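Student:
2 protein chains.
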Amino acid sequence: MEKKEKKAVKAITSMNEDFAKWYTDICKKAELVEYTSVKGCMVIRPYGYAIWENIQKDLDTRFKELGHENVCMPMFIPESLLNKEKDHVDGFAPEVAWVTHGGSEKLEERLCVRPTSETLFCEHYANIVHSYRDLPKLYNQWVSVVRWEKTTRPFLRSREFLWQEGHTIHETAEQAVAETEQMLEVYADFCEHSLAMPVIKGKKTESDKFAGAVSTYAIEALMHDGKALQAATSHYFGDGFARAFGIQFTDRENTLRYPHQTSWGATTRLIGAIIMTHGDDSGLVLPPAAAPVQVVVIPVQQHKEGVLQKADELCQKLKSLGVRVKTDDSDNSPGWKFAEYEMRGVPLRVEIGPKDIEKDQCVCAIRYSGEKRTVSLENDLETFAAAVKELLETEIPQGMYKKAADNRAARTYQCTTIDEMNAALTEKGDGFIEAMWCGDPECEDKVKELTGAGSRCIPLEQRRISDKCVCCGKEAKHMVLWGKAY
Amino acid sequence: MEKKEKKAVKAITSMNEDFAKWYTDICKKAELVEYTSVKGCMVIRPYGYAIWENIQKDLDTRFKELGHENVCMPMFIPESLLNKEKDHVDGFAPEVAWVTHGGSEKLEERLCVRPTSETLFCEHYANIVHSYRDLPKLYNQWVSVVRWEKTTRPFLRSREFLWQEGHTIHETAEQAVAETEQMLEVYADFCEHSLAMPVIKGKKTESDKFAGAVSTYAIEALMHDGKALQAATSHYFGDGFARAFGIQFTDRENTLRYPHQTSWGATTRLIGAIIMTHGDDSGLVLPPAAAPVQVVVIPVQQHKEGVLQKADELCQKLKSLGVRVKTDDSDNSPGWKFAEYEMRGVPLRVEIGPKDIEKDQCVCAIRYSGEKRTVSLENDLETFAAAVKELLETEIPQGMYKKAADNRAARTYQCTTIDEMNAALTEKGDGFIEAMWCGDPECEDKVKELTGAGSRCIPLEQRRISDKCVCCGKEAKHMVLWGKAY
């Protein structure tokens, strides 16, 4: 008891005091991750992994509804296979882990642990795609990948991380482009509706494309500290990989042709994005769709007659409706429990004590807003159940979304010169900057050099801030979203 | 069209002609796996992976109902960590893959790709377990592991395979032993009820234990060719790992003690077991619980008015009940479709043509038995739906189980001497032999040497075949199940 109570007292670092420490405090104290002796890798603990399972289930359902199928490729890629597509190997070879020995024997050819699996999918497609009848193949896999990063942070950047990678292959360029765009929409919709996280859909500039892609699309979210986070990407490959790997098919006119490909992925980074979009100084704030526990029922004065029984009734009622709910009837104090489940980001707390029972009501405390609300238990708990469902499915996700969108709006600045950019960043702090660009990579580099803010993406939804490039003053081609990034 | 029709003509090798070829034919032609340029590794294709997803979902639900939580450990183990428990490293070091370089840099310490994760779980437990209040921890993870096998076969033995590994830690030996036994029961129940696969629960002999275990339990199944297959294992570790890794906790009497641990696992090998338990010369035969498609509706004379519409009605009715069903209205012939879905092991085929519609009925063809049965479509398809549910949930799994159990019974021989063992194996073919054993490892080795049949396990359900060891004639301690194994 005494030991546990202590835990609540040790508060986390305040966000404003030290954002990076606030972040790692949450990761550790909400028991999402733990460090290991494997440098740059982490244990994803039950509470963190349950968030990932909810993300997985949600995305996987969306993918399958669109006709995608799951497969599993080997985790190793022979060096010669990785080398087949030039841009791709140039992009990834410097950061892969190499297996050189099996048991006590040296391997004839080194194998890298997959940093991504385009090469393996291409080899497979070359084996199984022969005719237009074999197309499209809409494949996905849920695996972990390895990239030998120098500096690492839980969820945001680690040497091994979990992800899904979709890999599709199509008869025509149009179909592949449509798939690339469709999957960007899927990710955006998932982030907005399931994670209550506003995102901006855009295209990456040439210098920021995936290694081997014709074009890369991404969704960009803004974190509490004003830094951008790329939440998912979707790539169109054209027929470049097909040519490099010799994938050909007989088309409807009986002509041999190269198919067009895409790939798209989202990672455990999304958990980092949730933390930094919604979290506050009391800890994690989880969107209901991702929360391992959506509702916690806390009995107050639980030794009094009928309290535990009523708490259990509420819990069972919600459980019967598919709500992920638990009652904490441990002998910790209600105050300790309040702090604990706030730290863990449980979206809704239901308090029930003798006085509530007398009035046939309970108190619902909403995590993201701190609001407390009295809810009637009349009508055989039906009113209560309906109110909780409404909160979890509509009010809380919409409220969280709005709060995050308001924060992003307050931190999005329109600028027409480099000086304006620097002034905004200095006066208002990091954020998104909307500014025009001529399309020249030199200007892109220079903006980053002079402001610290790189190009995040060319938003699909374009507006005309001015007619001239923010850097060189020549005619502008695109509005670019600029910012510092994770 | 022409090309596809050809496929049905190319029949698979007969089981009696060449069992190994029959097996790989099914793996390839039912599109479960495909080979890759990564030696000893394979692609699990959508149909194979969907079977694994069904196995996963079923087992995962069972684990969670018993309070287990999923986590994710790194895929790498530093050499020094692997070396901490002597028996364990002796067992695994000869067959691990070693990562020696990250990018272009040589690592200070080699990392192996996990062959199993006891060492990582132990390191984690040492970090998070301090008091009896922290116990038990009931963790599991779904990942892939790597063992550098010399000879490999799809699902049965590959350098990388998918599995779940449960790792639990408890206050007392009794609790850990109970967990070990409980998980053996979970696996046995899953195999018998979900996979329709009879298994024998037993304890491994000393020489066959997991590296580092006090005792290893397993479930053993008998394949069509009379060879045994270990379908899952459950290990009790005592406090050996805890001592090696310095995991200690303060018990209820405030004394520092070592906790007791278990681990248990099942792998994609189960897919191999399904193939070799239920398959026949027409292809795969899937138990309904594992089947990606449980029912296929085949319209006959589908160009005739009303046929496709009725087929769709049947399909929608079953779908609304949660049955995994599809209609094949492609322009392949019904005969081609029959052969194709038989090859793919779909448990139930529903045929519907103009004559059936006239009589308000359809034909149900049961894959495992070949039986065809007329089912009424009266009563708003309710009779039909009830009949299909009954077939999928009860009749088919029970019938498949009985067929496999009968096969096993016909191939299980009781023997009292080595000569009897050899005679049985020669005359009746490979199978399980029940014979007594004195407990001496020398006799165990000698039996294997003289008959080719090793000890599979000491069945939990013991019978007394005779009083004497089948090998040395001394007093017998246990009835052992002997056999050749995958």
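Residue numbers (the numbering used here), protein chains in the order written: chain A, 1 to 486; chain B, 1001 to 1486.
The C-beta atom is built at its ideal place from N, Cα and C for all residues, glycine as well.
Values in this document were obtained by computation on a predicted structure and should not be read as measured data.
#1: To the nearest angstrom, how far is it from the Cα of residue 1046 of chain B to the Cα of residue 73 of chain A?
#2: Is there a Cβ of chain B sitting closer than 9 Å to that of residue 104 of chain A, yes or no?
#3: List the residues of chain A that residue 1144 of chain B touches, going by C-beta distances under 7 Å, in chain order.
#4: List the residues of chain A that residue 1095 of chain B touches, going by C-beta distances under 7 Å, in chain order.
#5: Tell me the rounded alpha-carbon separation between residue 1366 of chain B and residue 1060 of chain B.
#6: Where does the unbroken alpha helix (DSSP H) through residue 59 of chain A begin, and where does it stop?
#7: In the DSSP assignment, the beta strand (DSSP E) including residue 1437 of chain B goes from what residue to what residue?
#8: Is the separation between the beta-carbon of residue 1064 of chain B and that of residue 1245 of chain B shorter than 9 Å?
#9: So who's on the other strand from residue 1078 of chain B, going by DSSP bridges?
#10: Quick check on the burial criterion: 16 or more other C-beta atoms within 10 angstroms. Buried or exposed for residue 1430 of chain B?
#11: Please specify which runs of the beta strand (DSSP E), each continuous and at least 3 residues long, are wholly inside the region 306-348 of chain A, giving them in chain order.
#12: Counting only C-beta atoms, is residue 1181 of chain B closer than 9 Å to chain A at any point?
#13: Can you name the residues of chain A whose CB is closer than 7 Å to the CB of residue 1037 of chain B?
#14: Secondary structure at residue 1284 of chain B, three-state DSSP: helix, strand or coil?
#15: Could you tell me which uninterrupted alpha helix (DSSP H) segments, each at least 4 residues in length, are contained entirely in the region 1371-1405 of chain B, listed from first to last along the chain?
#16: What is the DSSP secondary structure of residue 509 of chain A, reduced to helix, strand or coil?
#17: Determine whether the beta carbon atoms of residue 1177 of chain B and residue 1088 of chain B lie at a separation below 9 Å.
#18: Entirely within the region 81-145 of chain A and at least 3 residues each: give me those beta strand (DSSP E) ranges in chain order.
#19: Would a check of beta-carbon distances place residue 1297 of chain B closer than 9 Å to chain A?
#20: Would the region 145-164 of chain A count as touching the region 178-185 of chain A if we require 3 or more Cβ pairs under 8 Å?
#21: Spatial neighbours of residue 1474 of chain B within its chain, please: CB distance less than 6 Å, with the 5 preceding and 5 following residues excluded, ordered by chain position.
#22: By the DSSP assignment, the beta strand (DSSP E) with residue 1034 of chain B in it spans what residues?
#23: Indicate whether at least one CB of chain B lies closer than 9 Å to the CB of residue 66 of chain A.
#24: Going by alpha carbons, who is nearest to residue 1458 of chain B out of B/1449, B/1479, B/1022?
#25: Starting from the Cα of residue 1201 of chain B, find the closest Cα among B/1207, B/1192, B/1188, B/1195 and give me that residue.
#26: Could you check whether the Cβ of residue 1089 of chain B sits closer than 9 Å to any Cβ belonging to chain E?
#27: Relative to the ligand GTP, is the shortest distance from any of its heavy atoms to the C-beta of residue 1048 of chain B smaller than 8 Å?
#28: Do residue 425 of chain A and residue 452 of chain A have their C-beta atoms closer together than 9 Å?
#29: What are the residues in the region 1253-1286 of chain B lying within 7 Å of chain A by C-beta distance?
#30: Just how far apart, CA to CA, sit residue 159 of chain A and residue 349 of chain A?
#31: Determine the extent of the alpha helix (DSSP H) in which residue 261 of chain A is found, giving its start and end residues.
#32: Once the 5 residues before and after residue 1252 of chain B are set aside, which same chain residues still bring their CB inside 7 Å of it?
#33: Report the rounded CA-to-CA distance for residue 1360 of chain B versus residue 1378 of chain B, giving the unit in angstroms.
#34: So what does DSSP say about residue 1363 of chain B, is it helix, strand or coil?
#35: Using a Cβ cut-off of 7 Å, pull out every chain B residue sitting near residue 153 of chain A, in sequence order please.
#36: Looking at the unbroken alpha helix (DSSP H) that takes in residue 182 of chain A, where does it start and where does it end?
Tutor: On the basis of the supplied data:
#1: In the second sequence, residue 1046 of chain B corresponds to position 46, counting from 1. In the first sequence, residue 73 of chain A corresponds to position 73, counting from 1. Their Cα atoms are separated by approximately 11 Å.
#2: Here residue 104 of chain A corresponds to residue number 104 of the first sequence, with the count starting at 1. At least one chain B Cβ lies under 9 Å of residue 104 of chain A.
#3: Here residue 1144 of chain B refers to the residue found at position 144 when the second sequence is read from its first residue. Listed along the chain, the chain A residues whose CB falls inside 7 Å of the CB of residue 1144 of chain B are 75.
#4: Start at 1 with the first residue of the second sequence, and residue 1095 of chain B comes out as number 95. Here the neighbours are 103.
#5: Reading the second sequence from its first residue, position 366 is the one you call residue 1366 of chain B. Reading the second sequence from its first residue, position 60 is the one you call residue 1060 of chain B. Looking at the two C-alpha atoms, the distance is approximately 29 Å.
#6: Here the question's residue 59 of chain A lines up with position 59 in the first sequence. Taken as a continuous stretch (DSSP letters only), the alpha helix (DSSP H) holding residue 59 of chain A covers 46-65.
#7: As a working mapping, residue 1437 of chain B is identified with position 437 in the second sequence. That run of the beta strand (DSSP E) goes 1432-1437.
#8: To locate residue 1064 of chain B, count along the second sequence from 1; it is residue 64. To locate residue 1245 of chain B, count along the second sequence from 1; it is residue 245. Not a contact, by the Cβ cut-off of 9 Å.
#9: Position 78 of the second sequence, counting from 1, holds the residue named residue 1078 of chain B. For residue 1078 of chain B, which the question treats as bridged, DSSP gives the partners B/1111.
#10: Residue mapping note: residue 1430 of chain B aligns to position 430 of the second sequence, counting from 1. In the assembly as shown, residue 1430 of chain B is a buried residue. Its beta-carbon has 16 or more other beta-carbons within 10 Å.
#11: 325-327
#12: Locating residue 1181 of chain B in the second sequence gives position 181, counting from the first residue. No - not a single Cβ of chain A is within 9 Å of the one on residue 1181 of chain B.
#13: Your numbering for residue 1037 of chain B matches position 37 in the second sequence. Here the neighbours are 78, 81, 123.
#14: Taking the second sequence and counting its residues from 1, the one referred to as residue 1284 of chain B is at position 284. Here residue 1284 of chain B sits in coil by DSSP.
#15: 1382-1390
#16: Within the shown structure, residues of chain A are numbered from 1 to 486, placing residue 509 of chain A beyond reach of any answer.
#17: The residue labelled residue 1177 of chain B in the question sits at position 177 within the second sequence. The residue labelled residue 1088 of chain B in the question sits at position 88 within the second sequence. In this structure, residue 1088 of chain B does not lie closer than 9 Å to residue 1177 of chain B by Cβ.
#18: Counting only runs of 3 or more, we get 97-102, 105-113.
#19: Along the second sequence, one-based indexing puts residue 1297 of chain B at 297. Taking Cβ atoms only, chain A never reaches closer than 9 Å to residue 1297 of chain B, which makes this a no.
#20: In short, these stretches do not touch, since the Cβ pair count stays below three.
#21: Stepping through the second sequence from its first residue, residue 1474 of chain B is reached at position 474. Taken in chain order, the residues that qualify are 1438.
#22: Looking up residue 1034 of chain B in the second sequence gives position 34. That run of the beta strand (DSSP E) goes 1033-1035.
#23: On the first sequence, residue 66 of chain A is found 66 positions in, with the first residue counted as 1. Taking 9 Å as the threshold, the shortest C-beta distance from residue 66 of chain A to chain B does not fall below it.
#24: As a position in the second sequence, residue 1458 of chain B is number 458, starting the count at 1. Answer by Cα proximity: B/1479.
#25: In the second sequence, counting from the first residue as 1, residue 1201 of chain B sits at position 201. Measuring from the Cα of residue 1201 of chain B, the nearest candidate turns out to be B/1188.
#26: Included in the structure are the protein chains A and B, with no chain E among them.
#27: In the structure on display, the ligand GTP does not appear, and there are no ligands present to speak of.
#28: Locating residue 425 of chain A in the first sequence gives position 425, where the first residue counts as 1. Locating residue 452 of chain A in the first sequence gives position 452, where the first residue counts as 1. For residue 425 of chain A and residue 452 of chain A, yes; Cβs fall inside 9 Å.
#29: none
#30: Walking along the first sequence from the start, residue 159 of chain A turns up at place 159. Walking along the first sequence from the start, residue 349 of chain A turns up at place 349. About 36 Å.
#31: Start at 1 with the first residue of the first sequence, and residue 261 of chain A comes out as number 261. Where residue 261 of chain A is concerned, there is no enclosing alpha helix (DSSP H), although the beta strand (DSSP E) it sits in stretches over 260-267.
#32: Taking the first residue of the second sequence as position 1, residue 1252 of chain B is located at position 252. 1132, listed in sequence order.
#33: Here residue 1360 of chain B refers to the residue found at position 360 of the second sequence. Here residue 1378 of chain B refers to the residue found at position 378 of the second sequence. Going from the Cα of residue 1360 of chain B to the Cα of residue 1378 of chain B covers about 6 Å.
#34: As a first step, residue 1363 of chain B must be located in the second sequence, where it is residue number 363. Strand at residue 1363 of chain B.
#35: Within the first sequence, the letter at position 153 stands for residue 153 of chain A. What residue 153 of chain A touches in chain B: nothing, since even the nearest Cβ is about 15 Å away.
#36: Within the first sequence, residue 182 of chain A is the residue found at index 182, counting from 1. Segment 173-189, the alpha helix (DSSP H) holding residue 182 of chain A.
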